[in-house]
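Chains A and B are the protein sequences, given in the same order.
For the first sequence, my numbering begins at 95 and goes up steadily by one.
For the second sequence, my numbering begins at 95 and goes up steadily by one.
Beta carbons: idealized from backbone N, C-alpha and C, even for Gly.
Protein chains: 2
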Amino acid sequence: MRSQPPEIARNMRTVALRAGVSTATVSRVLNGSGAVKAETAERVRKALKELRFIPNPSATTLKYGRSNTYGIILPDLTNPFYPEFLLEFEDVFVEQDHEVLVATTQSSQQKLTNTVRRMLMRRVDGVVMMASEVDTRAVEPILNQQIPIVTIDRRRAQKGCADVAIAFEDGYREAVLRLKALGHRSIGFIGGTEGLRTSEIRLQAFQQALAEAELRFEPRFVRAGDYRVNGGDAAMRSLLRQQRRPTAVMTVNDLTALGALRALHALGIGVPTQMSLVGFDGILLGEAAFPPLTTVAVARREMAERCLEALGKLQQNVGTRGPLLSVPVLLVERESTGPAPRTRT
Amino acid sequence: MRSQPPEIARNMRTVALRAGVSTATVSRVLNGSGAVKAETAERVRKALKELRFIPNPSATTLKYGRSNTYGIILPDLTNPFYPEFLLEFEDVFVEQDHEVLVATTQSSQQKLTNTVRRMLMRRVDGVVMMASEVDTRAVEPILNQQIPIVTIDRRRAQKGCADVAIAFEDGYREAVLRLKALGHRSIGFIGGTEGLRTSEIRLQAFQQALAEAELRFEPRFVRAGDYRVNGGDAAMRSLLRQQRRPTAVMTVNDLTALGALRALHALGIGVPTQMSLVGFDGILLGEAAFPPLTTVAVARREMAERCLEALGKLQQNVGTRGPLLSVPVLLVERESTGPAPRTRT
DNA sequence: ATGAAAGCGCTAACAA
DNA sequence: TTGTTAGCGCTTTCAT
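Next up, the structure:
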């Protein structure tokens, strides 16, 4: 025998009736707008509770053209960094009583166009865009509607846009210094897909880190990858085909490092005894690798918070350029790095 | 010099004005409801296009209390299986012009309660629930609102509910038979968290597979894990602490297998030379492991399609029990499995 | 301190 | 075949 489900109010009228007030008063109590006598407010709150009132945000969206929803556009969910970020993003935004609309582009221009339309239809109040691989002209309709956009890692801002950038420079500097302290003198690099702005930025950050550590940048120890496992694997094999080798390799992200690690295993090269390896991102599965991967972890939570902050700033000053913010980074030393081997292999 | 952004219509009135018709006609053209003269329809379509009309679904949601949005509740996004499934889910639903509302519970009862409220507020038309770890009484308000729910892997349905189950039995059977063909006679198992219904189901499926293959089930070769890397690592270490060992180990999911693999590496046990290892789920990163992980892959796409199908059935027959559907599974043989070692270690 | 009412955009019932 | 209109739920302005 199940008890009858309790009556539930799906509109304010029902609540107002029960409390013996008008819907205007209910609204005032809910939003803390306008003055309501304490006694009345109490009665309303009681009715609200008893009737388990479920507000209908589409009414507000309809009235004001704003939905309290924020869109997030991710390139992909198969790189664990993105879902791990999404987790924090959702948490941060929902905590502020915002709703989140998730979309992935999967590097398809068509998908991005559809996504933009979906976001416009849902009257999002802002968009966070983490899809460096696609042509960003597709998002112009969003800007035309005066909806703020926060990009990730573009390192520039225009009217209505802000940018949140990962501190690659700090990350590579820290890692290079640590490797130097471990005795490494020649450090290789497996980068991202060629031709992408973000690949360029990361490679430069690595070069700069070497310079600051007074180590030589050797182009023959550099390879392009594709931000994925197979690219890292192929790049590492290519690196190892040469006569001379670096004693340590840094990568553009963890997936690349995992691929490189697999190649090293397959070729019977000891990690870290014969070669040290450093990833970037700090995905959880880096710890599941053998040996557990040393990496530069990106502070996902702070990244989500910076997005929220940037969006807030853009809303305060519509039509102006938004801020350029930075996300900190942390070297997580695990077991894929160790002292440089005595003799160069 | 940028060209002026084109005027965009955010309501039907503007479009109707331009086409010289009423909003009702515009609506009829858009939805293909009611008869419209071909010539008029053409004029409307032209106006629609010229003005880049963006419909406002909140109006429809407000009018009908239905949003064309489906909620999906995931336990977590750090297990790559979930985002990989989400990717397909989004794709399948968006393709049908549905919107998707994503939420994660992170095994928190409070978060689930909030999520349910969010879904109710957004007037979702259905919910897919993949969170076996939490108390499902929290979702009752959804059922009370006559909103259909599709659960994953509960293997039962009640009024307003359907279930989509992964064919564990098939998966374990296939894998066990393959291992048997490779000469394995004693096969261990690392299961899920104890006390969960889904852990029970999976263990039983494994036992059944052994029985069908006429292999003995040996409880001392069974350990509980936690569906995560560390649980798999610990369980494997515990398994290896015994005098006698299985020659192959199957696991409840890939994360568990990855942890087990790490333990095997750490203890210097060759995979697959000394021990074979089989995961479950087919996460992409299984291929990045060394050796690449043999696993039973769950057909994510079909899983998403079954969810859509189940939701459709439930909507056709409100208030009845929904179907129990099944998702197929595929053995993906990579390099963590091989012939059983000659002598038992 | 409170209530009445308008209006956001859309669709379907009804009228013409 | 097409148009007019009511009404979904909410907030806010304007009265009271």
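Check: Could you say which of A:Gln302, A:Gly254, A:Thr117 lies nearest to A:Val270 if we only look at CA atoms?; Outcome: A:Gln302
Check: So, A:Leu237 versus A:Gly254, is the Cβ gap smaller than 7 Å?; Outcome: yes
Check: Within the continuous alpha helix (DSSP H) that includes A:Met215, where are the two ends?; Outcome: 203 to 215
Check: Name the one or two DSSP bridge partners that A:Met223 has.; Outcome: A:Ile167, A:Thr245
Check: Keeping to the same chain, check which residues put their C-beta closer than 7 Å to that of B:Arg400; ignore five residues upstream and five downstream.; Outcome: Val258, Leu419, Val421
Check: Residues of chain B with CB under 9 Å from A:Gly353, in chain order?; Outcome: Ala382
Check: Which bits of chain A does B:Thr488 rub up against, with CB to CB less than 7 Å?; Outcome: Nothing can be reported for residue 488 of chain B: it is not among the residues displayed for chain B, which extend from 95 to 439.
Check: Since A:Phe283 sits in a beta bridge, which residues does DSSP pair it with?; Outcome: A:Val316, A:Met344
Check: Just list the alpha helix (DSSP H) runs in the stretch 339 to 390 of chain A, keeping only unbroken ones of 4 residues or longer that don't cross its boundaries, in chain order.; Outcome: 348 to 360
Check: Is it true that the CB of B:Ile260 sits closer than 7 Å to the CB of B:Thr350?; Outcome: no
Check: So that I know if they touch, is there some Cβ in chain B lying closer than 7 Å to that of A:His192?; Outcome: no
Check: Would you list, in sequence order, the uninterrupted beta strand (DSSP E) runs of no fewer than 3 residues that lie entirely inside the stretch 394 to 431 of chain B?; Outcome: 418 to 421, 423 to 426
Check: Going along chain A in order, which residues have a C-beta closer than 8 Å to the C-beta of B:Met215?; Outcome: Ile148, Pro149, Asn150, Pro151
Check: Quick one: does the C-beta of A:Ala434 sit closer than 6 Å to a heavy atom of the ligand GDP?; Outcome: Within the structure as shown, the ligand GDP is missing, as the structure has no ligands at all.
Check: What separation, rounded to the nearest whole angstrom, lies between the Cα atoms of A:Gly319 and B:Val218?; Outcome: 42 Å
Check: Against chain A, does B:Val323 count as a neighbour if the rule is that its beta carbon must be under 7 Å from one of theirs?; Outcome: yes
Check: In terms of residue numbering, what span does the beta strand (DSSP E) encompassing B:Thr198 cover?; Outcome: 193 to 198
Check: So, does the stretch 387 to 405 of chain A touch the stretch 167 to 186 of chain A, judging by three or more C-beta pairs under 8 Å?; Outcome: yes
Check: Mind reading off the beta-carbon distance from B:Met330 to B:Val343? Whole number of angstroms is fine, and I expect it under 8 Å.; Outcome: 7 Å
Check: Using only the alpha-carbon positions, how far apart do A:Ala118 and A:Gly373 sit?; Outcome: 57 Å
Check: Using a Cβ-Cβ cut-off of less than 8 Å, give me the residues of the stretch 320 to 348 of chain A that come near chain B, in sequence order.; Outcome: Val323
Check: Relative to chain B, which residues along the stretch 392 to 417 of chain A have a C-beta separation below 9 Å, given in chain order?; Outcome: none
Check: As a quick exercise: from B:Leu371, B:Glu427, B:Lys131, B:Pro169, pick the residue whose alpha carbon is nearest that of B:Thr230.; Outcome: B:Pro169
Check: What three-state label does DSSP hand B:Ile102 in the structure shown?; Outcome: coil
Check: Do the CB positions of B:Leu214 and A:Ile377 come within less than 7 Å of each other?; Outcome: no
Check: Check for me: the beta strand (DSSP E) holding A:Ile148 runs from which residue to which?; Outcome: Taken as a continuous stretch (DSSP letters only), A:Ile148 belongs to no beta strand (DSSP E), as it is neither H nor E.
Check: Between the beta-carbon of B:Pro242 and the beta-carbon of B:Gly277, is there less than 7 Å?; Outcome: no
Check: Report the residue from A:Arg339, A:Asp327, A:Arg296, A:Thr292 whose alpha carbon sits nearest the alpha carbon of A:Arg314.; Outcome: A:Arg339
Check: Step through the CB atoms of chain B and report whether any lies within less than 7 Å of the CB of A:Pro177.; Outcome: yes
Check: What is the rounded straight-line gap between the Cα of A:Arg107 and the Cα of A:Ala141?; Outcome: 11 Å
Check: How far does the alpha helix (DSSP H) with A:Ala251 in it reach, from first residue to last?; Outcome: No alpha helix (DSSP H) contains A:Ala251, which DSSP labels as neither H nor E.
Check: Using only the alpha-carbon positions, how far apart do A:Gly128 and A:Ala135 sit?; Outcome: 11 Å
Check: Nearest chain A C-beta to B:Leu371 closer than 7 Å, yes or no?; Outcome: no
Check: A:Val258 bridges to which residues according to DSSP?; Outcome: A:Ile246, A:Leu419
Check: A:Gly326 and A:Ala305 - do their beta-carbons sit closer together than 7 Å?; Outcome: no
Check: If we cut at 7 Å on Cβ distances, does A:Thr172 have a partner in chain B?; Outcome: yes
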